[in-house]
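K.L.:
Numbering (UniProt numbering), first residue to last: 1 to 239.
Positions of the beta carbon are idealized from the N, C-alpha and C atoms, including for glycine.
The structure under discussion is supplied below as C-alpha coordinates; questions concerning it will follow.
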(Lines of atoms letter the chains of each structure in order from A; the text may use other names.)
(Lines give C-alpha, C1' and ligand atoms only; values in the text may rest on other atoms or scores of the structure.)
Protein backbone atom coordinates (compact mmCIF):
# COMPACT_ATOMS: atom_id res chain seq x y z
CA UNK A 1 0.00 0.00 0.00
CA UNK A 2 1.38 3.39 -1.02
CA UNK A 3 2.02 5.90 1.72
CA UNK A 4 -0.39 8.88 1.47
CA UNK A 5 1.11 12.19 0.43
CA UNK A 6 0.49 15.53 2.11
CA UNK A 7 -2.08 16.32 -0.59
CA UNK A 8 -3.89 13.09 0.27
CA UNK A 9 -3.84 13.96 3.98
CA UNK A 10 -5.41 17.40 3.49
CA UNK A 11 -8.00 16.06 1.07
CA UNK A 12 -11.39 14.48 1.69
CA UNK A 13 -10.62 11.08 0.17
CA UNK A 14 -10.18 7.74 1.99
CA UNK A 15 -6.90 8.90 3.53
CA UNK A 16 -7.97 12.50 3.88
CA UNK A 17 -8.06 14.48 7.10
CA UNK A 18 -9.16 17.71 5.43
CA UNK A 19 -12.52 18.13 7.19
CA UNK A 20 -11.06 17.30 10.60
CA UNK A 21 -8.21 19.76 10.09
CA UNK A 22 -10.64 22.44 8.88
CA UNK A 23 -12.82 22.00 11.98
CA UNK A 24 -9.75 22.13 14.20
CA UNK A 25 -8.59 25.30 12.44
CA UNK A 26 -11.95 26.94 13.13
CA UNK A 27 -11.64 25.94 16.79
CA UNK A 28 -8.15 27.47 16.93
CA UNK A 29 -9.41 30.75 15.51
CA UNK A 30 -12.40 30.81 17.89
CA UNK A 31 -10.17 30.25 20.92
CA UNK A 32 -7.80 32.99 19.77
CA UNK A 33 -10.62 35.46 19.10
CA UNK A 34 -12.32 34.75 22.43
CA UNK A 35 -9.05 35.04 24.36
CA UNK A 36 -8.07 38.22 22.54
CA UNK A 37 -11.49 39.81 23.17
CA UNK A 38 -11.42 38.93 26.88
CA UNK A 39 -7.88 40.27 27.10
CA UNK A 40 -8.93 43.47 25.36
CA UNK A 41 -11.65 44.17 27.92
CA UNK A 42 -9.24 43.45 30.76
CA UNK A 43 -6.58 45.57 29.08
CA UNK A 44 -8.84 48.62 28.83
CA UNK A 45 -9.77 48.51 32.51
CA UNK A 46 -6.22 47.63 33.55
CA UNK A 47 -4.81 50.57 31.63
CA UNK A 48 -7.44 52.87 33.12
CA UNK A 49 -6.51 51.65 36.60
CA UNK A 50 -2.82 52.31 36.00
CA UNK A 51 -3.34 55.72 34.40
CA UNK A 52 -6.29 57.24 36.25
CA UNK A 53 -6.94 55.00 39.24
CA UNK A 54 -6.10 55.57 42.85
CA UNK A 55 -3.26 53.94 44.78
CA UNK A 56 -5.28 50.77 45.44
CA UNK A 57 -6.42 50.23 41.84
CA UNK A 58 -2.93 51.04 40.52
CA UNK A 59 -1.47 48.53 42.95
CA UNK A 60 -3.93 45.83 41.92
CA UNK A 61 -3.30 46.47 38.22
CA UNK A 62 0.46 46.47 38.76
CA UNK A 63 0.30 43.23 40.73
CA UNK A 64 -1.87 41.63 38.02
CA UNK A 65 0.43 42.53 35.13
CA UNK A 66 3.56 41.56 37.06
CA UNK A 67 2.22 38.17 38.09
CA UNK A 68 0.59 37.22 34.79
CA UNK A 69 3.61 38.22 32.74
CA UNK A 70 5.84 36.21 35.05
CA UNK A 71 3.86 32.93 35.07
CA UNK A 72 4.09 30.48 32.14
CA UNK A 73 0.93 30.51 30.03
CA UNK A 74 0.65 26.73 30.25
CA UNK A 75 0.52 26.95 34.03
CA UNK A 76 -2.30 29.51 33.85
CA UNK A 77 -4.30 27.13 31.64
CA UNK A 78 -3.71 24.29 34.12
CA UNK A 79 -4.86 26.50 36.99
CA UNK A 80 -8.05 27.51 35.20
CA UNK A 81 -8.89 24.01 33.99
CA UNK A 82 -8.16 22.02 37.14
CA UNK A 83 -9.16 24.82 39.51
CA UNK A 84 -12.39 25.33 37.59
CA UNK A 85 -13.06 21.59 37.56
CA UNK A 86 -12.53 21.42 41.32
CA UNK A 87 -14.93 24.31 41.86
CA UNK A 88 -17.59 22.86 39.55
CA UNK A 89 -17.25 19.44 41.20
CA UNK A 90 -17.68 20.98 44.66
CA UNK A 91 -20.77 22.89 43.50
CA UNK A 92 -22.15 19.74 41.91
CA UNK A 93 -21.81 17.85 45.18
CA UNK A 94 -23.89 20.49 46.92
CA UNK A 95 -26.70 19.57 44.53
CA UNK A 96 -26.24 15.83 44.92
CA UNK A 97 -23.96 15.09 41.95
CA UNK A 98 -21.38 12.34 42.32
CA UNK A 99 -17.94 12.06 40.80
CA UNK A 100 -15.69 14.47 38.96
CA UNK A 101 -17.22 17.24 36.83
CA UNK A 102 -14.85 18.70 34.27
CA UNK A 103 -14.74 22.40 33.57
CA UNK A 104 -15.43 23.07 29.86
CA UNK A 105 -12.09 22.98 28.06
CA UNK A 106 -12.94 25.75 25.60
CA UNK A 107 -14.07 28.08 28.37
CA UNK A 108 -11.02 27.32 30.51
CA UNK A 109 -8.69 27.88 27.55
CA UNK A 110 -10.37 31.10 26.42
CA UNK A 111 -10.34 32.52 29.96
CA UNK A 112 -6.71 31.55 30.54
CA UNK A 113 -5.57 33.01 27.22
CA UNK A 114 -7.68 36.10 27.88
CA UNK A 115 -6.21 36.62 31.35
CA UNK A 116 -2.64 36.29 30.10
CA UNK A 117 -3.17 38.48 27.05
CA UNK A 118 -4.99 41.01 29.22
CA UNK A 119 -1.74 41.70 31.10
CA UNK A 120 -0.01 42.42 27.80
CA UNK A 121 -2.88 44.52 26.45
CA UNK A 122 -2.94 46.53 29.67
CA UNK A 123 0.57 47.71 28.92
CA UNK A 124 -0.27 48.27 25.25
CA UNK A 125 -3.22 50.54 26.08
CA UNK A 126 -1.31 52.30 28.83
CA UNK A 127 1.53 53.10 26.46
CA UNK A 128 -0.91 54.16 23.76
CA UNK A 129 -2.63 56.56 26.16
CA UNK A 130 0.71 58.06 27.16
CA UNK A 131 1.49 58.60 23.47
CA UNK A 132 -1.50 60.93 23.03
CA UNK A 133 -0.13 64.47 23.01
CA UNK A 134 -1.47 66.59 25.84
CA UNK A 135 -1.91 69.51 23.47
CA UNK A 136 -4.68 67.67 21.62
CA UNK A 137 -6.64 67.22 24.83
CA UNK A 138 -5.99 70.83 25.81
CA UNK A 139 -7.31 71.97 22.43
CA UNK A 140 -10.48 69.90 22.98
CA UNK A 141 -10.96 71.51 26.40
CA UNK A 142 -10.44 74.94 24.88
CA UNK A 143 -13.19 74.14 22.35
CA UNK A 144 -15.58 73.47 25.22
CA UNK A 145 -15.85 69.70 24.79
CA UNK A 146 -17.27 67.82 27.74
CA UNK A 147 -15.31 64.97 29.33
CA UNK A 148 -17.41 62.29 27.60
CA UNK A 149 -17.17 64.05 24.24
CA UNK A 150 -13.38 64.38 24.56
CA UNK A 151 -13.18 60.68 25.30
CA UNK A 152 -15.32 59.67 22.29
CA UNK A 153 -13.82 62.02 19.71
CA UNK A 154 -10.25 62.57 20.85
CA UNK A 155 -8.91 60.25 23.52
CA UNK A 156 -10.39 56.88 22.46
CA UNK A 157 -9.63 57.19 18.71
CA UNK A 158 -6.07 58.43 19.27
CA UNK A 159 -5.36 55.80 21.92
CA UNK A 160 -6.66 53.07 19.60
CA UNK A 161 -4.56 54.50 16.79
CA UNK A 162 -1.40 54.18 18.86
CA UNK A 163 -2.42 50.79 20.28
CA UNK A 164 -3.11 48.91 17.03
CA UNK A 165 0.52 47.91 16.28
CA UNK A 166 0.95 46.56 19.80
CA UNK A 167 -2.41 44.80 19.64
CA UNK A 168 -1.25 43.13 16.43
CA UNK A 169 1.74 41.70 18.28
CA UNK A 170 -0.49 40.49 21.11
CA UNK A 171 -2.81 38.81 18.58
CA UNK A 172 0.11 36.84 17.14
CA UNK A 173 1.04 35.69 20.65
CA UNK A 174 -2.56 34.73 21.43
CA UNK A 175 -2.79 32.73 18.21
CA UNK A 176 0.24 30.69 19.22
CA UNK A 177 -1.00 30.33 22.80
CA UNK A 178 -4.20 28.71 21.48
CA UNK A 179 -2.12 25.58 20.77
CA UNK A 180 -1.64 25.12 24.53
CA UNK A 181 -5.38 24.73 25.05
CA UNK A 182 -5.11 21.18 23.66
CA UNK A 183 -4.19 20.03 27.18
CA UNK A 184 -7.82 20.63 28.26
CA UNK A 185 -9.09 18.14 25.68
CA UNK A 186 -10.18 20.72 23.10
CA UNK A 187 -9.45 19.42 19.61
CA UNK A 188 -7.83 22.47 18.05
CA UNK A 189 -5.28 22.44 15.25
CA UNK A 190 -2.28 21.12 17.16
CA UNK A 191 -4.32 18.44 18.93
CA UNK A 192 -5.85 17.30 15.65
CA UNK A 193 -2.38 17.13 14.14
CA UNK A 194 -1.26 14.94 17.04
CA UNK A 195 -4.26 12.67 16.52
CA UNK A 196 -3.56 12.41 12.80
CA UNK A 197 0.12 11.78 13.38
CA UNK A 198 -0.62 8.98 15.84
CA UNK A 199 -3.22 7.38 13.58
CA UNK A 200 -1.16 7.40 10.40
CA UNK A 201 2.40 7.24 11.68
CA UNK A 202 3.20 10.40 9.70
CA UNK A 203 4.05 13.00 12.35
CA UNK A 204 6.27 15.14 10.16
CA UNK A 205 3.60 15.49 7.47
CA UNK A 206 0.88 16.52 9.92
CA UNK A 207 3.08 18.98 11.78
CA UNK A 208 4.16 20.58 8.49
CA UNK A 209 0.48 20.93 7.56
CA UNK A 210 -0.24 22.51 10.96
CA UNK A 211 2.69 24.92 10.56
CA UNK A 212 1.43 26.01 7.13
CA UNK A 213 -2.10 26.55 8.47
CA UNK A 214 -0.83 28.57 11.45
CA UNK A 215 1.27 30.67 9.09
CA UNK A 216 -1.73 31.22 6.81
CA UNK A 217 -3.92 32.35 9.71
CA UNK A 218 -1.17 34.65 10.95
CA UNK A 219 -0.63 36.15 7.50
CA UNK A 220 -4.32 36.75 6.78
CA UNK A 221 -5.06 38.20 10.22
CA UNK A 222 -1.92 40.34 9.98
CA UNK A 223 -3.22 41.75 6.71
CA UNK A 224 -6.53 42.71 8.34
CA UNK A 225 -4.68 44.37 11.20
CA UNK A 226 -2.61 46.38 8.74
CA UNK A 227 -5.79 47.52 7.00
CA UNK A 228 -7.21 48.56 10.36
CA UNK A 229 -4.04 50.43 11.19
CA UNK A 230 -4.16 52.32 7.90
CA UNK A 231 -7.79 53.22 8.48
CA UNK A 232 -7.32 54.51 12.02
CA UNK A 233 -4.08 56.34 11.24
CA UNK A 234 -5.49 58.13 8.22
CA UNK A 235 -4.48 61.77 8.46
CA UNK A 236 -2.11 61.11 11.37
CA UNK A 237 1.40 62.39 10.88
CA UNK A 238 4.04 59.73 11.36
CA UNK A 239 7.35 60.44 13.01
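How would you write the range of the alpha helix (DSSP H) that residue 185 sits in, first residue to last?
P.N.:
In the chain shown, residue 185 corresponds to position 185, counting from 1. Unbroken run through residue 185: none, as it is neither H nor E.
K.L.:
Taking residue 181 and residue 117 to be in contact with their CB atoms under 8 Å, please state how far apart those CB atoms are, rounded to whole angstroms.
P.N.:
Taking the first residue of the chain shown as 1, we reach residue 181 at position 181. Taking the first residue of the chain shown as 1, we reach residue 117 at position 117. Rounded, the Cβ-Cβ distance is 13 Å, inconsistent with contact.
K.L.:
Counting only the same chain and skipping the five closest in sequence on each side, list residues whose C-beta sits under 6 Å from that of residue 74.
P.N.:
Locating residue 74 in the chain shown gives position 74, counting from the first residue. Taken in chain order, the residues that qualify are 180.
K.L.:
Determine the direct distance from the alpha carbon of residue 127 to that of residue 31, and round the result to whole angstroms.
P.N.:
Your numbering for residue 31 matches position 31 in the chain shown. Your numbering for residue 127 matches position 127 in the chain shown. Rounded to whole angstroms, residue 31 to residue 127 spans 26 Å at the Cα level.
K.L.:
Rounded to the nearest angstrom, how far is the Cβ of residue 28 from that of residue 109, given a contact under 8 Å?
P.N.:
Taking the first residue of the chain shown as position 1, residue 28 is located at position 28. Taking the first residue of the chain shown as position 1, residue 109 is located at position 109. At roughly 10 Å, the Cβ-Cβ gap does not stay under 8 Å, so residue 28 and residue 109 are not in contact.
K.L.:
For residue 19, does the count of other Cβ atoms within 10 angstroms reach 16, so buried, or fall short, so exposed?
P.N.:
Sequence index remark: in the chain shown, residue 19 carries index 19 (1-based). Exposed.
K.L.:
To the nearest angstrom, how far is the alpha carbon of residue 239 from that of residue 222?
P.N.:
As a working note, residue 239 is residue 239 in the chain shown. As a working note, residue 222 is residue 222 in the chain shown. No answer about residue 239 holds up, because its pLDDT of 48 lies below 50 and its placement is not dependable.
K.L.:
Under 8 Å: do the segment 97–116 and the segment 131–140 share three or more Cβ pairs, one atom per stretch?
P.N.:
Not touching, per the Cβ criterion.
K.L.:
Can you give me the Cβ contacts of residue 49 inside the same chain, cut-off strictly under 7 Å, excluding the 5 residues immediately before and after it?
P.N.:
Start at 1 with the first residue of the chain shown, and residue 49 comes out as number 49. So the qualifying residues of the chain are 57, 58, 60, 61.
K.L.:
Starting from residue 149, trace the alpha helix (DSSP H) both ways and give me its first and last residue.
P.N.:
Your numbering for residue 149 matches position 149 in the chain shown. Start and end: 147–150.
K.L.:
Kindly list the residues whose CB is nearer than 7 Å to the CB of residue 216, restricted to its own chain and excluding five residues on each side of it in sequence; keep chain order.
P.N.:
Taking the first residue of the chain shown as 1, we reach residue 216 at position 216. Cβ within range, chain order: n/a, list empty.
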